[in-house]
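Position one of the sequence shown corresponds to residue 2 (my numbering), numbered consecutively onward.
Where a beta carbon is used, it is the ideal one built from N, C-alpha and C, also for glycine.
Only one structure is covered here, and it is reproduced in the block below.
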Amino acid sequence: MKKTRPAVVVNSDAVGRLPIKLVAPITDWKAYFAPNIWHVRIAPNPTNGLTKVSAVDTLQLRGMDRQRFIRKLGEVSPETIEEIVLAITAIIEYP
């Protein structure tokens, strides 16, 4: 708690006027995450700004006020966004 943590913003800017963003937190990758449909593995690269292999935890989506954001680390690839969307779709059991 009270740490600075990376996250992926998953909502569209076109949705709503409140300064709230829906985010999925990023944590260190653990081998035992591999079978979990809600963990999306993301490798570090210059575009995303990560320094180690990580996991986007789509089971812990939350709304966060934009004032809590400190800085932008980078951007995830369209392929990673697609994996995140598929993970969210799976956990809410959307057909």
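Within its chain, find whatever has a CB closer than 8 Å to the CB of residue 70; leave out the 5 residues flanking it on each side and keep chain order.
22
Do residue 84 and residue 41 count as a contact pair if the criterion is CB distance below 8 Å?
yes
First through last residue of the alpha helix (DSSP H) which encompasses residue 91
79 to 92
Expected contact under 8 Å - CB spacing of residue 25 and residue 59 to nearest Å:
5 Å
Count the other CB atoms within 10 Å of the CB of residue 16; is the residue buried (16 or more) or exposed (fewer)?
exposed
Between residue 49 and residue 89, what straight-line distance do the alpha-carbon atoms span, to the nearest angstrom?
20 Å
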